[in-house]
Each structure stands twice: as structure tokens, then as C-alpha cells.
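Under our numbering, residues 1125 to 1290 are what the sequence shown spells out, in order.
Think of the CB as a built atom: it goes at the ideal place given N, C-alpha and C, for glycine as much as any other residue.
Heads up: the structure comes next, in C-alpha cells.
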Amino acid sequence: MRSAVFWLVLLFLSISSGCAIPGAPEFGAPGGTSPGEVHFELARPNDAAILVPVKINGQGPYTFVLDTGATFTCIDQKLANELKLPEWQGLGVGVIGPTGGNIRLVTVETLEVGTVKASDLKACTIDFKQMNGAGLDAHGLVGLNFLKSFRLSIDFKTRLLKLEQQ
């Protein structure tokens, strides 16, 4: 059981560190935001991650991991294809994946985490098969390019995440 948690944490770290976007610090920030809150669940085993419901362009909800260590919000490649998210091609900026390969950037018109909304958000796409194979059924990561627009408070007792305007 302990080794499963180790591999799950290691997988999170490799994916999170892989979503590194070179360039300006505001690159990928949403065009607009509105504050709100969301009830979350904790992933098993051992409450290894915060799981939040996410709607993309009004569709969903899908389960995402709230990942304050991920530079960028990332969406499972299969889901991005199903939702027909347009690939973003701008300024020659590339995303470097955990294995050194390039990852697609897509544009999300609206991303909703509970009642919290962001518009015109850039996201990377990643194959989440390995993460889901480790027992976590997630379709993406909510990363810092979404979170840094807000002041966050996490109440683990009530399992409520509040995202307020800064």
C-alpha cells in the first residue's frame, strides 16, 4: 500500500514539473475570472490529492486534481480531443513535457471549478493513462495559471475551497 502512494506522489511530481512554460510570467493567465467556492474530495489512498469538479466550455463535470505545484492547467489529451479544444499557436512558445517531448497547448473558452470561473485560459494536454492506472480517476490538473488569479483558502474539515479576488 505504501509503495502505491509513493508511485502516485512521484507521478504527480513528474507531471507537475513537466508543465513548464517558458516565457512571460503572465503567459497563460485567464482573460477574465469570477470568484466562488467548490466542495472537494480527497483522493484515496491516504487523502493523496484534492479532487475538484471541473467544467470545460460548459461540459462536464470532470474530476481534476488541484495541483499548486503545476505551473499550468493540464487536460487529459483524450478529453481535449473529445471536446475539440482548439490548439493554441502563438509566439512560438512550446511546452516541455516530463519526458522532454512537446505537449500541445489548447485554448479553453471557460473553465469552471465549482462556482469559480475563468475565461480564455490556455491549458496543456497530457496523457493521463499512467495517473489513472495508479488508482486516480482524474481528467486533468488545475494549475497555477488558473489559481494565481485568486486568494485561496482550503478548509479540510468541511472540504470547501474558497477562491476570492485578490
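In this structure, the straight-line span from the alpha carbon of Q1201 to that of D1279 is close to 31 Å. Judged by beta-carbon spacing, A1242 lies beyond the 8 Å limit of P1177, meaning their Cβ atoms are not closer than that value.
Note on the region 1148-1208: whole beta strand (DSSP E) runs with a minimum of 3 residues are 1156-1158, 1160-1163, 1174-1180, 1183-1190 and 1198-1200, in chain order. Considering only G1193, A1172 and A1247, the residue with the shortest C-alpha distance to N1205 is A1247. K1253 sits in a helix when the DSSP states are folded into three classes. Annotation for G1267: C1143, D1191, A1194, T1195, F1196, T1197 and C1198 place their beta carbon closer than 7 Å to its own, counting only its chain and skipping 5 residues before and after. Cβ contact annotation for S1277 (same chain, cutoff 7 Å, sequence separation greater than five): K1286, in chain order. Each residue's CA atom was taken as its position, placing V1237 and S1273 some 13 Å apart. In the displayed model, L1268 falls within a helix according to three-state DSSP. Residue pairing of L1276 in beta bridges, as defined by DSSP: L1287.
Counting only residues of its own chain and dropping the five nearest sequence neighbours on each side, Q1183 has a CB closer than 8 Å to the CB of L1207. In the three-state scheme derived from DSSP, where H, G and I count as helix and E and B as strand, T1234 is classed as strand. No Cβ-Cβ contact shorter than 8 Å links V1189 with T1239. Under the three-state reduction of DSSP output, K1281 falls in the coil class, being neither helix nor strand.
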